[in-house]
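*Asks:*
Protein chains: 2
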Amino acid sequence: MTPSDYRARIARLNTRLNAFVDLSDEMSGAGLAWGVKSNIAVCGLPCTAGIAAYRDNIAANDAEVVRRIRASGGDVLGTVNMHEGALGATTDNAAYGRTQNPWRLGFTPGGSSGGSGAAVAAGLCDVALGSDTMGSVRIPAAYCGVQGHKPTTGLVPNEGVLALSNTLDHVGPIARDVRTLWRALHVIAGWGEPAELAPIELQGLRIGVWDGAGKVEMTSSVRRGFDAAIVALRDAGVRITNLEPPAYDYGKARRAGLLISEVEGAAIHAEQLETNPDEFSEAFRGLMAWGVAQSSSKITAAYEHVAEIRNAAPKVFDAVDVVVAPTAPQQAFSFDDPAPADQADFTAWANFAALPATAVFTGFSGDGLPLSLQIIGPTGEDKLMLRCATAMESIFGAPQLPPEFA
Amino acid sequence: MTPSDYRARIARLNTRLNAFVDLSDEMSGAGLAWGVKSNIAVCGLPCTAGIAAYRDNIAANDAEVVRRIRASGGDVLGTVNMHEGALGATTDNAAYGRTQNPWRLGFTPGGSSGGSGAAVAAGLCDVALGSDTMGSVRIPAAYCGVQGHKPTTGLVPNEGVLALSNTLDHVGPIARDVRTLWRALHVIAGWGEPAELAPIELQGLRIGVWDGAGKVEMTSSVRRGFDAAIVALRDAGVRITNLEPPAYDYGKARRAGLLISEVEGAAIHAEQLETNPDEFSEAFRGLMAWGVAQSSSKITAAYEHVAEIRNAAPKVFDAVDVVVAPTAPQQAFSFDDPAPADQADFTAWANFAALPATAVFTGFSGDGLPLSLQIIGPTGEDKLMLRCATAMESIFGAPQLPPEFA
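Have a look at this one:
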């Protein structure tokens, strides 16, 4: 589809989804058609981070990743919705509206990059940029049944991102197929023209399976879907070991990631929290206030746990080539249901440990909601992740458009 | 020399140096003879971290690195002196005495692993373990004219170390020649028997020279020595580019490293600071108290600057194979002179960025004090560091014993 086709689809279909929030009228034409998460500066459009206080914060410049998109001939269609302040994974945003899951209206697309996941899944753009602090690219990719990649820490610049956490945030792409993900990664990492992406030889590939047994409670659909995916990989000849990420204490890690996000987020939003407190939700304001009120030793302990996890991670890849885990312990859920606390338990490890990680669509559960697994690899091995993803895509199939959006 | 020879030398020479503080009487015999910094647990000996409050803290177990030493057949001769709490680089320790520089009595051996540097340089052991938060292995190696290595973050376990900073500390070896350093690294990293260490081919090696021009004030002796070393490397065929570590703001980085050490150190020593405040120096106590009194946003900003530096570092090694810098901006100085604030300006980058770094002896300045340069490389490339170090050692010569200790 051309950017014009996408613009026509947005005009026709976006009201059902509320994925795009602001549209650009500058057309370019040649390259990919992009949606950009609304915490990444697109010159001339509001850069809100999904927070009401920034409604009139019109970006004066493009973020570095957006400059790279334009330099590649890409077309920036507009900005897409997100969870308030990137701190949450439902994209049920009081200020900018709920974004719907294209596979089931009334269900969350995940978050915080929910607009990115929904826009890509519904075919409103080729690729959308998200940002991922503890899973915010991969969770919406999983819930919306598309492919998403969190790059190695430092590979893609954060310049021009209205961040939640400067230490944990990663800009990453979401697309309907791995080939497009690969092209998009080349653009935002500044790698130039992409070479062909050869699928990895699955025969003999050493996979560490991380299923969180006894630690993370997966829904039975996710459990069955993940087990079936592992059987399919085993049939393709991979060698399986079971493992847990070293030094990764689920509860402690979850609290550490949240506290770091709160104190770093509070610093980033300090001015607006001071002058426009009512333009944040009470929940968001409360989290920020709680974070900064914690003792220095508690905050320090959070950074220490993250460092411990990061330092212990490289050894995992002495014994296995890649780690495979469910992307999230659950599938998309109704906006009427509370958000589970464990949404990011499988995704946050890669953020803490600076590892590249790719969410790959693996089909549907019986009730028609998408399933996903995550490939996690050694630092700097983003290409290996996508070579694995493309091999798996040829087993599980690339996502199609949902019937309602076909 | 055998461990018995070393024990005899310690009995004869240690009083001049005050390098060893506690001796072990368990002899093993076959492997290397080791000194262990007094913040690393050696079963049955005091583990003090150079702090008076821990005078009676007898280690009930060996630290993991000490277990590995024993498993390799190594002989642990005893523990060596250090700067109080590992927070400082002179080893002028009020509780356990000053350690002297074997090349000039009355001068500092550097620190915080000053006892390790002095013991090795004076030939009281084959190798000594130090710990390095911002340069504490490499600075004493430089001041004492020996070879020292700070491993890649996470390569050598910190278990059983009475640390200063859990996020920045690295246990590393100091030895008189690179071959011994290589053997020692195999032991503490758990790599098994070392293979031969082939020197790197210097012809064509791409070296990024980091001399801190306009940012760090080197003494004229260090400047001349470093320039001469670079000329020698150029003559050997290396290709030179000049560079600065990306995102590394000297002042901000120095303050960030110090603040992180203070808040993490305060947590580690919380109990003793509470119950035995007088058993810390006033200076140390003051730093800890200052650290924990800082706002959460200031502490968070320190961790963020470190993360920024770490994330930006890998790209350096797209353009160069290794970085070469002076180890410290000055040589050993008199205990009568104040400690310069910039001692760790060239070393801290590797701690922040999780990079391996090796201090290599490059000869003497005209006044007979040792000179040193530092090789810094990509994460995980410890072997490459030592292959470079052994090639440079063949140019600059391995350190000999000082005449007084020959």
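From first to last, the protein sequence lines are chains A and B. Numbering that gives the first Met the number 0 puts the first sequence at residues 0 to 405. Numbering that gives the first Met the number 0 puts the second sequence at residues 0 to 405. Beta carbons: idealized from backbone N, C-alpha and C, even for Gly. Just so you know, these numbers come straight off a predicted model, no measurement behind them.
#1: Strictly by DSSP, which residues pair up with Lys-297 of chain B?
#2: With 8 Å as the threshold, decide whether the Cβ of Glu-303 of chain B is near any Cβ in chain A.
#3: Do Ser-115 of chain A and Ala-88 of chain A count as a contact pair if the criterion is CB distance below 8 Å?
#4: Taking the CB atoms as reference points, tell me whether Gly-109 of chain A and Glu-83 of chain A lie closer together than 8 Å.
#5: For Leu-163 of chain B and Glu-392 of chain A, what's the separation of their Cα atoms in angstroms?
#6: Using the Cα positions of Gly-147 of chain A and Arg-54 of chain A, report the straight-line distance between them to the nearest angstrom.
#7: Please report the distance separating the alpha-carbon of Leu-44 of chain B from that of Val-145 of chain A.
#8: Should Lys-36 of chain B be labelled buried (16 or more other beta-carbon atoms within 10 Å of its own) or exposed?
#9: When the Cα atoms are used, what is the spatial distance from Arg-15 of chain B to Ala-51 of chain B?
#10: Which chain A residues are close to Gly-153 of chain B, counting only those with a beta carbon under 7 Å from its beta carbon?
#11: Please report the distance separating the alpha-carbon of Ile-298 of chain B from that of Met-384 of chain A.
#12: Please compile the residues from chain B whose C-beta is within a distance smaller than 8 Å of the C-beta of Ser-296 of chain A.
#13: Is the shortest distance between the beta-carbon of Ala-306 of chain B and the beta-carbons of chain A less than 8 Å?
#14: Expressed to the nearest angstrom, what Euclidean distance is found between the alpha-carbon atoms of Glu-307 of chain B and Ala-352 of chain A?
#15: With DSSP collapsed to three states, give me the class of Val-321 of chain B.
#16: How would you label Gln-399 of chain B, buried or exposed, when you count the other beta carbons within 10 angstroms and need 16 or more for buried?
#17: Can you have a look at Gly-207 of chain A and say buried or exposed, based on whether 16 or more other CB atoms are within 10 angstroms of its CB?
#18: In terms of alpha-carbon separation, which member of B:Pro-402, B:Thr-326, B:Gln-342, B:Ser-333 lies closest to Ile-375 of chain B?
#19: Taking only the alpha-carbon atoms, compute the straight-line gap between Ile-57 of chain B and Cys-46 of chain B and give it to the nearest angstrom.
#20: Would the region 163-178 of chain B and the region 202-217 of chain B be scored as touching if the rule is three or more Cβ pairs under 8 Å?
#21: Rounded to the nearest angstrom, what separates Asn-100 of chain A and Asp-21 of chain A at their Cα positions?
#22: Applying a beta-carbon distance threshold of less than 8 Å, which residues of chain B neighbour Ala-300 of chain A?
#23: So is Asn-165 of chain B in contact with chain A if we call contact Cβ pairs under 8 Å?
#24: Name, please, each residue of chain B whose Cβ falls closer than 8 Å to the Cβ of Gly-408 of chain A.
#25: According to DSSP, simplified to helix, strand and coil, what is Trp-33 of chain A?
#26: Given Ala-237 of chain B, which residues of its chain have a CB within under 7 Å of its CB, disregarding the five upstream and five downstream residues?
#27: Less than 8 Å between the C-beta atoms of Val-315 of chain B and Leu-242 of chain B, yes or no?
#28: For Ala-93 of chain B and Ser-280 of chain B, what's the separation of their Cα atoms in angstroms?
#29: Assign Thr-361 of chain B to one of two classes, buried (16 or more other C-beta atoms within 10 Å of its C-beta) or exposed (fewer than that).
#30: What residue from A:Ala-390, A:Gln-329, A:Glu-380 has the CA that sits closest to Ala-141 of chain A's CA?
#31: Give the single residue among A:Thr-389, A:Leu-257, A:Pro-402 whose Cα lies nearest to the Cα of Leu-368 of chain A.
#32: Entirely within the region 75-153 of chain B and at least 4 residues each: give me those alpha helix (DSSP H) ranges in chain order.
#33: Of the choices A:Cys-124, A:Asp-74, A:Val-322, whose alpha-carbon is the least far from that of Arg-8 of chain A?
#34: Over what stretch of residues does the beta strand (DSSP E) that includes Ile-173 of chain A continue unbroken?
#35: Give every residue of the same chain whose Cβ lies closer than 6 Å to the Cβ of Ala-358 of chain A, excluding the five residues on either side of it in the sequence, and list them in chain order.
#36: Would DSSP call Leu-370 of chain B helix, strand or coil?
*Replies:* Quick look at the numbers:
#1: Along the second sequence, one-based indexing puts residue 297 of chain B at 298. Under DSSP, no beta-bridge partner is assigned to Lys-297 of chain B.
#2: Walking along the second sequence from the start, residue 303 of chain B turns up at place 304. True, the Cβ-Cβ gap to chain A drops below 8 Å.
#3: For the purposes of this step, residue 88 of chain A is taken as residue 89 along the first sequence, with counting starting at 1. For the purposes of this step, residue 115 of chain A is taken as residue 116 along the first sequence, with counting starting at 1. Their beta carbons are not under 8 Å apart, which means Ala-88 of chain A does not touch Ser-115 of chain A by this criterion.
#4: In the first sequence, residue 109 of chain A corresponds to position 110, counting from 1. In the first sequence, residue 83 of chain A corresponds to position 84, counting from 1. Not closer than 8 Å, so no.
#5: Locating residue 163 of chain B in the second sequence gives position 164, where the first residue counts as 1. Locating residue 392 of chain A in the first sequence gives position 393, where the first residue counts as 1. The alpha-carbon atoms of Leu-163 of chain B and Glu-392 of chain A are separated by roughly 47 Å.
#6: Position 148 of the first sequence holds residue 147 of chain A. Position 55 of the first sequence holds residue 54 of chain A. If I take the Cα positions, the gap works out to 28 Å.
#7: Translated into positions along the second sequence, residue 44 of chain B becomes position 45. Translated into positions along the first sequence, residue 145 of chain A becomes position 146. If I take the Cα positions, the gap works out to 58 Å.
#8: Translated into positions along the second sequence, residue 36 of chain B becomes position 37. Answer is buried; the Cβ neighbour count reaches 16.
#9: Your numbering for residue 15 of chain B matches position 16 in the second sequence. Your numbering for residue 51 of chain B matches position 52 in the second sequence. Using only the alpha carbons, I get a separation of about 22 Å.
#10: The residue labelled residue 153 of chain B in the question sits at position 154 within the second sequence. By Cβ distance, chain A contributes Asn-310, Ala-311, Pro-313.
#11: By 1-based counting over the second sequence, the position of residue 298 of chain B is 299. By 1-based counting over the first sequence, the position of residue 384 of chain A is 385. The straight-line gap from Cα to Cα measures roughly 34 Å.
#12: By 1-based counting over the first sequence, the position of residue 296 of chain A is 297. Those within 8 Å of Ser-296 of chain A in chain B are Val-262, Ala-265, Ala-266, Ala-269, Val-291.
#13: Working through the second sequence from its first residue, we reach residue 306 of chain B at position 307. It does; some Cβ of chain A falls within 8 Å.
#14: The sequence position of residue 307 of chain B within the second sequence is 308, counting from 1. The sequence position of residue 352 of chain A within the first sequence is 353, counting from 1. Each residue's Cα considered, the two are about 15 Å apart.
#15: Here residue 321 of chain B refers to the residue found at position 322 of the second sequence. Reduced to three states, the DSSP call for Val-321 of chain B is strand.
#16: Locating residue 399 of chain B in the second sequence gives position 400, counting from the first residue. Looking at its Cβ environment, which holds fewer than 16 other Cβ atoms inside 10 Å, Gln-399 of chain B is exposed.
#17: Position 208 of the first sequence holds residue 207 of chain A. So Gly-207 of chain A ends up on the buried side.
#18: Your numbering for residue 375 of chain B matches position 376 in the second sequence. Selected option, being the one with the closest Cα: B:Thr-326.
#19: Position 58 of the second sequence, counting from 1, holds the residue named residue 57 of chain B. Position 47 of the second sequence, counting from 1, holds the residue named residue 46 of chain B. C-alpha separation (whole angstroms): 6 Å.
#20: no
#21: Stepping through the first sequence from its first residue, residue 100 of chain A is reached at position 101. Stepping through the first sequence from its first residue, residue 21 of chain A is reached at position 22. Rounded to whole angstroms, Asn-100 of chain A to Asp-21 of chain A spans 19 Å at the Cα level.
#22: As a first step, residue 300 of chain A is located in the first sequence; it is residue number 301 there, counting from the start. The contacting residues are Ala-266.
#23: As a working mapping, residue 165 of chain B is identified with position 166 in the second sequence. Answer yes: the Cβ-Cβ gap between Asn-165 of chain B and chain A drops below 8 Å somewhere.
#24: Since the displayed chain A opens at 0 and closes at 405, residue 408 of chain A lies outside it and no answer follows.
#25: The count along the first sequence starts at 1 and reaches residue 33 of chain A at position 34. Note: Trp-33 of chain A maps to strand in three-state DSSP.
#26: Mapped onto the second sequence, residue 237 of chain B falls at position 238. Before going on, a small fix: residue 237 of chain B reads as Val here, not Ala. Same-chain partners within the cutoff: Leu-201, Leu-204, Ile-206.
#27: Within the second sequence, numbered from 1, the residue matching residue 315 of chain B stands at position 316. Within the second sequence, numbered from 1, the residue matching residue 242 of chain B stands at position 243. Contact: yes.
#28: For the purposes of this step, residue 93 of chain B is taken as residue 94 along the second sequence, with counting starting at 1. For the purposes of this step, residue 280 of chain B is taken as residue 281 along the second sequence, with counting starting at 1. Each residue's alpha carbon lies about 8 Å from the other.
#29: Within the second sequence, residue 361 of chain B is the residue found at index 362, counting from 1. Buried, by the Cβ-count rule.
#30: In the first sequence, residue 141 of chain A corresponds to position 142, counting from 1. It is A:Gln-329 whose Cα lies nearest to the Cα of Ala-141 of chain A.
#31: Along the first sequence, read from residue 1 onward, the residue named residue 368 of chain A stands at position 369. Measuring from the Cα of Leu-368 of chain A, the nearest candidate turns out to be A:Pro-402.
#32: Taken in chain order, the whole alpha helix (DSSP H) runs of length 4 or more contained in the region 75-153 of chain B are 113-120, 137-142.
#33: Position 9 of the first sequence, counted from the start, is the residue given in the question as residue 8 of chain A. The option with the nearest alpha carbon to Arg-8 of chain A is A:Cys-124.
#34: In the first sequence, counting from the first residue as 1, residue 173 of chain A sits at position 174. It spans 169-174 - the beta strand (DSSP E) in which Ile-173 of chain A sits, taken as one unbroken run.
#35: Along the first sequence, read from residue 1 onward, the residue named residue 358 of chain A stands at position 359. Result list for Ala-358 of chain A: Arg-137, Ala-140, Ala-141, Gly-147, Thr-326, Ser-371, Gln-373, in chain order.
#36: Taking the second sequence and counting its residues from 1, one reaches residue 370 of chain B at position 371. Leu-370 of chain B falls in the strand class under three-state DSSP.
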